[in-house]
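Residue numbers (my numbering), protein chains in the order written: chain A, 1 to 179; chain B, 1001 to 1179; chain C, 2001 to 2384; chain D, 3001 to 3384; chain E, 4001 to 4087; chain F, 5001 to 5087; chain G, 6001 to 6277; chain H, 7001 to 7277. Glycine included, C-beta positions come from ideal geometry on N, C-alpha and C. All remarks here apply to the structure that follows.
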Ligand SMILES: Cc1ncc(C[n+]2csc(CCOP(=O)(O)OP(=O)(O)O)c2C)c(N)n1
Ligand SMILES: Cc1ncc(C[n+]2csc(CCOP(=O)(O)OP(=O)(O)O)c2C)c(N)n1
Ligand code: SF4
Ligand code: SF4
Ligand code: SF4
Ligand code: SF4
Ligand code: SF4
Ligand code: SF4
Ligand SMILES: [Mg+2]
Ligand SMILES: [Mg+2]
């Protein structure tokens, strides 16, 4: 499988960076692919938009930044507005449906949506795992990453004692995506 | 008159630098010659040897350091030892005879001596004008500098209120040299 | 983690973290620093990890203090490092000079950001490359390495420590925000596979025979540290072989300075590491370093696909400069193309060494981002 | 002394004193410094003299503070200066960059001594010439002048102030211990003969129309100072035309940086001052600056007496470098001979611009003294 | 999530002694004004601005006494009071 | 000016309780030892060293009580006392 | 989406905008950060001071607090990290007509900038310094610094800070400052008064303001929301005007002594310089 | 030339030579400078301390005092101007077995090096600092500095210094030092005792020594000979152990309070670091 570029985006506090790291780690260490993760730093890393780009490839990754965005995951309106234009034709857009209004409709892309924050808050009781829910949903919607690798990566990346919560978040997201 | 090089030397506190400055100023401003004065700085400017080189010429002075020493004035044994080797053949050596023992006799140079410190202390009552006595003596012993210019320069370079003392020091030295 | 506290295996980590882990693997046991974007993560990793290997972290009051603490720690016997970015690097310049003059092994990492001045703190730049060579007053030679990925940042940090010991001198790791903040797979080999150049201690017992600044041509004298019993004297003044100040003797100055310079200049073969890719037979040689060597790979690939003969000469060691190799290549090619995230720094050296034998073309970038593939490609095409 | 407190007439004074008097004659009314050999005499003169012309002297706690105080004073409306030597110059590097970035006119004098590090504090060196160009992090251009005598130090200090105002930038006077400590005749012309380039104030009233960092190509925007009513905002961050930080916009960075560079690069004709002596038709051109240009005069004279065709190209302005002139001369001559009191700095630029069209030969000196006539002469003879 | 829509009608706020003005784009929903209003005049709404911060509003049953505290405490220069003559 | 010449004979200093030793090259003639010797044992001589500093000597009429002060106060490590058994 | 804010007027401008570069708002500070409130207090004090706004210049270093100079519609200088005070010194001496105010962070002023702080205090330089102490380096993501209380966690004191902190008022006092006060960002009225006093003081005046950094320091030390952190500081402070600055150290969880500690008259740098020549 | 010294033995070696790099003597200090005597006191204290000489390192900055490290036959580091303390900090942390002593001048330690001084004191870094205060910058020919008394003349205060000086003990105390004393160079016995105490103290200990610089400061201020200047300081000093460091300022011509002002125990940097992890 050749180069794939995935952007995860949202706002500060949603765990976008963590999710990106888990994703990158899954691909690099479990799927054994070449992976480059870069983060967008604002003038300062406080509040506002948060975004990371995960590039996965079987060959070496020379150019480490965006060349052609295949998949955009976004969990905020601001990020959606900022990045939707980057998504290439035929690309996939994944959104948190409660947080993003598709006010720039495109018919050359596919869209999947999930109320990940609501699920995290209402079903799982912890809003902060919305990012993991989203990762599960992502796994269900792309071949770019193996479900097992991603799950493994989630487990290896979270604080001790939160395994159950996170795995159930992941599976909930995955289940939602496989419906 | 072509390039002349004069070194004044002694130890810290004898006013060697002041004397050199007066000499340089006399040649530059009163005799209207080109003059370059450089000082030797030790690792630190406290105690020890003190020395300055005055170069006077009618043409431009390109190389500002020693090329051929014409005249060495020295008021300490240490400085004598250090610089006597520099004096060119046919050069003139002027010493304070109480402070310098000529333990490296040379027959290719001329020597004039004066007990300038003793004169300053005993005849003039102020040891610190030994340097001015020496300047007077210097004026009497060389054509490199005009007596009037040097005297003028002394007057322009000393603290107010000490004119009489300094002029008499100068004249005493000059007189001693003209005997 | 191996039981000595050093990581081992495959990791997904950012460049800054890899740098810290490289330092630890190289035996670094002292870090003195002051936070600055985008180098802070190195310090943050070190403060967590050093206690696990019996090392010491101290956050100093500024970068001047950091640089001095590193020199002190090195004389205390520790492998020591600091990490900073442009503004802090500028502040270190005086005492980097002290490190060079006193021949103190240590590593200084500069995670370059956009400049000048406070500039673009969170974005990439390569604007401190000439400063690395010339930023401190007076004459000296320096070793500077430029990694292109977290793995290389890990590897070159280790190499930096070894070069520092071998040549008794501060070594610079000139990385940048992109490499520092980018995460990739980093493989940490088992300890026995990690090169370790130990500090060379005197081979004579404490006595007058030990000359800490002994002046054999190109030589690097062994180093007795404080507490070793040699009662060394170390000064930033011009000094003789004993290390005693002698600030009015021109011969002492010349001997000292020549050795300081020659120990690096005359060992360039050992110090300079170049990665060459299809350089032989190329019409165009792209000369690049750090992240720019990596972004250049793409336009080079595209150019080759168009049938152009393009080679890549990657300067892993930027200083001392690969003068001989450039001179050798110049008459054989049509142009050197030099993409840098600055307005032209290393390109000046390339141009000098090309000596009019070929064109030398800069592809500048004012900073804050990487070169666009098309910009480098266009230049290659123009001169091929 | 003229009744405005400025000296007039012929004086016998050392270079440091001449520098201070030049500053005063140029309208300098603020000096912030920290003592260091061999620049201290400038401060000592300023503290005596400034009160006589209603100016302010302050001895700061270090050179970092000195540099910043100078920048602040300039924004307060004063012509401001500091003077230092190698170690202090290194400490100023970060905030010299702030001055460049914020386009703050001021003058920094470096009375060079033997380096690196504390080196030879009381003896001459020319080892900070590349640092003058590259010592601060990030990209920039700088103006640096190099005097060869107390008279020139006086004259060039005045010129430095005028260039600083004209190009809104710090200007360096790169002198050395020999010139600083040597006494010669210095002629101070009457005030009306002294060039005075006044600070260019905005020609619009306080309003949004005034853009303190307006980006017209190669332009130098006028400067409103604090208290002028324009309520300027000044930052070392990458900034737009208003002076507001914009640290993520690459276009802003590029525009800003290009203007900073071009305002100097594109005005080289105005800035660069060269003194040429028998350069046309020469076989050998000696390229030198500062005290070395002066010591070179003697071997050149001797060589000419031997019938050799030797010219002297004296770089009064060292930075920006006289690239075009070197390129022009290279194909016409047998060699450039470059005596420097360092191990090879400006010679690298000469070599680069010679582009292989002729030989470029360094006559190095480790510092602490001047070149011996015979060393320079031997090199000239060898290549003539 | 609710996004704010349009300004209130002028006449709807003639009742209190002080009129509360909000600059929507600036507010970061920190709740300082709400917390420290001595008369509990303010409350957090369920309305968000474009950056996703929820905004304060006035509890119609309370009267603003123009103590100025909300204005002084707001870190964003996002709220201020204007006195109105009794309608 | 007098330059120092040769060491004293050993036997000439057997009288005092403490023997005064001088390192001639180091002394800078500061007179601290002379000034602070509590027993006025020391005095400045008219003898100068090579650098032109005049040197201290012992007033033969006084006895050094080995208080150690001169040794402690000398800035040049140029003077010290050795105890001698009564001769 | 159909709801609207109740009983408020929607506006675009704020009465203080005249003092602000409103084209740069909203500012970059985090929601709930104490800095915004402090800026309000400053503007308010400035309004009351009667100072000619064209003759007031603000100088900042680098840091979150350091952005203050960039939001005020005054002559503003955003210098380098730690160097606000020497820049301000030059500015004041370059144009003594100016009222020069330094607004900067604890790290800027007493970590890297500590030397300038004590020397300007010693000289009794004619400037006002507002030091916002949030117990960490906010701008670089919350590292420990010289004001971090012993035991506190930050990104570079993951095991709890083992260094003792400075007391800013004590340091200022020992160095010679003529006016030294401390408040928290929630003491809005008293803070405003204190800033006003400082602005009107001749010589080196210092107001330290304890301020929450909810994003880093608050989070790492589990202080709850921004609001809770701000409240905590306020509630744990005790006003002790005139108390000995030596007694003003801040322990983790301990009381925070606030008030005006020093307010004395002595010749300023400019006064004594004038007198000396 | 025919005379010889009376009743003295001519020697080539001194009992303290073992502690000195005697191949570098005579030192560069001026005749009558207080520095030599201070070095003697230091050697004497060191001899009594029982410290293993191979484990004692001396660090100096640049200045006349800064040459001290170069005359002691110990591991010696002559660093850059102002940076002795951070270098010493690294040295101590690089090898905690060492006893690290900083000997440097007032300018070095509290002008350019002031920040390092207060931060090391704050951290209670395990080093001893001997600060020789000669009220000016001797090495660069006698400029004013932050310890120069108001009114004193120096080469950069030709009209009389118009700045107030720091009190080194007060600054040390306010920053957190555990041992703070001041003596003059003529208090040879007490000074030796005090240095000994400082050497044996855990944590940051400071001994300030008022010392004549006859060549510059003494001359400019018409204090007579070196001897007279030294005597003057000694005679104008009053011993007040335990007195408030805030009361230790030095006025031109006024009394010089000496004694041990602070001697307390608190965890050192290394202790508390060890404890924290
Ligand atoms: C020379 C230099 N070193 C380090 C930095 C990085 N830096 C920027 S702000 C800052 C600290 C900010 O802390 P503080 O002054 O307390 O301000 P705050 O952000 O907490 O308001 C640091 C270390 C820099 N910009 N320049
Ligand atoms: C960075 C730097 N600035 C300035 C100097 C010049 N300098 C050398 S020693 C000194 C001051 C010495 O004063 P102090 O520390 O009091 O020592 P003293 O000579 O009085 O013993 C100065 C300013 C320097 N060497 N380095
Ligand atoms: S002005 Fe006072 S009473 Fe009115 S809303 Fe604001 S805080 Fe409440
Ligand atoms: S205080 Fe200001 S920012 Fe905070 S909620 Fe109220 S209006 Fe919004
Ligand atoms: S030891 Fe005491 S008594 Fe003896 S000479 Fe020395 S000072 Fe005098
Ligand atoms: S104290 Fe020492 S240096 Fe001074 S006179 Fe006595 S022996 Fe000589
Ligand atoms: S990081 Fe902390 S100090 Fe900075 S703006 Fe955010 S809350 Fe405020
Ligand atoms: S200049 Fe002053 S401090 Fe330096 S050695 Fe001489 S007397 Fe001592
Ligand atoms: Mg802070
Ligand atoms: Mg001193």
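Helix, strand or coil for residue 6236 of chain G, going by three-state DSSP, please let me know.
As a first step, residue 6236 of chain G is located in the seventh chain; it is residue number 236 there, counting from the start. Of the three classes helix, strand and coil, the one that applies to residue 6236 of chain G here is coil, per DSSP.
Given that a residue counts as buried once 16 or more other Cβ atoms are within 10 Å of its Cβ, and exposed if not, what is residue 1044 of chain B?
For the purposes of this step, residue 1044 of chain B is taken as residue 44 along the second chain, with counting starting at 1. For residue 1044 of chain B, the predicted model reports a pLDDT of 47, less than 50, meaning its position is unreliable; a value from the coordinates is still stated below. Classification of residue 1044 of chain B: buried, given that the 10 Å Cβ count is 16 or more.
Establish whether the CB of residue 4029 of chain E and some CB of chain A are separated by less than 8 Å.
Numbered from 1 along the fifth chain, position 29 holds the residue referred to as residue 4029 of chain E. Closer than 8 Å: no.
Mapping DSSP to helix, strand and coil, what is residue 5084 of chain F?
Along the sixth chain, one-based indexing puts residue 5084 of chain F at 84. Here residue 5084 of chain F sits in coil by DSSP.
Can you tell me whether residue 3306 of chain D is buried or exposed? The criterion is at least 16 other CB atoms within 10 Å of its CB, across all chains shown.
In the fourth chain, counting from the first residue as 1, residue 3306 of chain D sits at position 306. The C-beta of residue 3306 of chain D has fewer than 16 other C-beta atoms within 10 Å across all chains shown, which makes the residue exposed.
Which class does residue 1070 of chain B belong to by DSSP, given the choice of helix, strand or coil?
The residue given as residue 1070 of chain B occupies position 70 in the second chain. In the structure shown, residue 1070 of chain B sits in a strand (DSSP, three-state: E or B).
With respect to the beta strand (DSSP E) encompassing residue 2278 of chain C, which residues constitute its N-terminal and C-terminal limits?
Along the third chain, one-based indexing puts residue 2278 of chain C at 278. Careful: residue 2278 of chain C lies outside any beta strand (DSSP E) and carries neither H nor E.
If you measure from each residue's Cβ to the nearest non-hydrogen atom of ligand 5, which ones come out under 7 Å, in chain order?
F:5018, F:5020, F:5033, F:5036, F:5037, F:5038, F:5039, F:5041, F:5042, F:5064, F:5065, F:5066, F:5067, F:5068, F:5069, F:5070, F:5071, F:5081
Looking at residue 2027 of chain C and residue 2070 of chain C, is the spacing between their C-beta atoms short of 8 Å?
Walking along the third chain from the start, residue 2070 of chain C turns up at place 70. Walking along the third chain from the start, residue 2027 of chain C turns up at place 27. Going by C-beta atoms, residue 2070 of chain C is not nearer than 8 Å to residue 2027 of chain C.
Consult DSSP for residue 7229 of chain H and reduce its assignment to one of helix, strand or coil.
Counting from one through the eighth chain, the residue named residue 7229 of chain H turns up at place 229. Of the three classes helix, strand and coil, the one that applies to residue 7229 of chain H here is helix, per DSSP.
Contact criterion: CB-CB distance below 8 Å. Does residue 5005 of chain F meet it with respect to chain B?
One-based indexing of the sixth chain puts residue 5005 of chain F at position 5. Reliability of the predicted coordinates at residue 5005 of chain F is poor, the pLDDT of 45 falling under 50, and no value is obtained from them.
Cα separation between residue 36 of chain A and residue 2016 of chain C?
Stepping through the first chain from its first residue, residue 36 of chain A is reached at position 36. Stepping through the third chain from its first residue, residue 2016 of chain C is reached at position 16. If I take the Cα positions, the gap works out to 14 Å.
In whole angstroms, what is the alpha-carbon distance linking residue 1168 of chain B and residue 1154 of chain B?
Here residue 1168 of chain B corresponds to residue number 168 of the second chain, with the count starting at 1. Here residue 1154 of chain B corresponds to residue number 154 of the second chain, with the count starting at 1. Going from the Cα of residue 1168 of chain B to the Cα of residue 1154 of chain B covers about 11 Å.
Can you look up residue 7143 of chain H in the DSSP assignment and give me helix, strand or coil?
Stepping through the eighth chain from its first residue, residue 7143 of chain H is reached at position 143. Reduced to three states, the DSSP call for residue 7143 of chain H is strand.
Quick check: the Cα distance between residue 6009 of chain G and residue 6059 of chain G, rounded to an integer number of angstroms?
Sequence index remark: in the seventh chain, residue 6009 of chain G carries index 9 (1-based). Sequence index remark: in the seventh chain, residue 6059 of chain G carries index 59 (1-based). Each residue's alpha carbon lies about 35 Å from the other.
Kindly identify the DSSP beta-bridge partner or partners of residue 3172 of chain D.
Taking the fourth chain and counting its residues from 1, one reaches residue 3172 of chain D at position 172. Paired residues: D:3108, D:3144.
Does the distance from the CB of residue 2309 of chain C to the CB of residue 2383 of chain C come in under 8 Å?
Within the third chain, numbered from 1, the residue matching residue 2309 of chain C stands at position 309. Within the third chain, numbered from 1, the residue matching residue 2383 of chain C stands at position 383. It is not a contact, given that the beta carbons lie outside the stated cut-off.
Taking 8 Å as the cut-off, does the region 1005–1015 of chain B touch the region 1130–1144 of chain B (at least 3 CB pairs, one atom from each stretch)?
yes
Below 8 Å between beta carbons: does that hold for residue 5081 of chain F and residue 5064 of chain F?
Along the sixth chain, one-based indexing puts residue 5081 of chain F at 81. Along the sixth chain, one-based indexing puts residue 5064 of chain F at 64. Contact: yes.
Residues of chain H with CB closer than 9 Å to the CB of residue 6124 of chain G, please, in chain order.
The residue labelled residue 6124 of chain G in the question sits at position 124 within the seventh chain. Ordered by position in chain H, the residues that pass the 9 Å Cβ test against residue 6124 of chain G are 7163, 7164.
Would you identify the three-state DSSP class for residue 7018 of chain H, choosing helix, strand or coil?
Position 18 of the eighth chain, counting from 1, holds the residue named residue 7018 of chain H. The answer is helix: DSSP assigns residue 7018 of chain H an H, G or I state.
Report all residues from its chain with a CB closer than 8 Å to the CB of residue 2319 of chain C; omit the five preceding and five following residues, and keep chain order.
As a working mapping, residue 2319 of chain C is identified with position 319 in the third chain. Around residue 2319 of chain C: 2132, 2133, 2141, 2142, 2143, 2144, 2172.
Leaving aside the five residues before and after residue 2196 of chain C along the sequence, list all residues of the same chain whose C-beta is less than 6 Å from its C-beta, in chain order.
Position 196 of the third chain, counting from 1, holds the residue named residue 2196 of chain C. Answer for residue 2196 of chain C: no residue qualifies.
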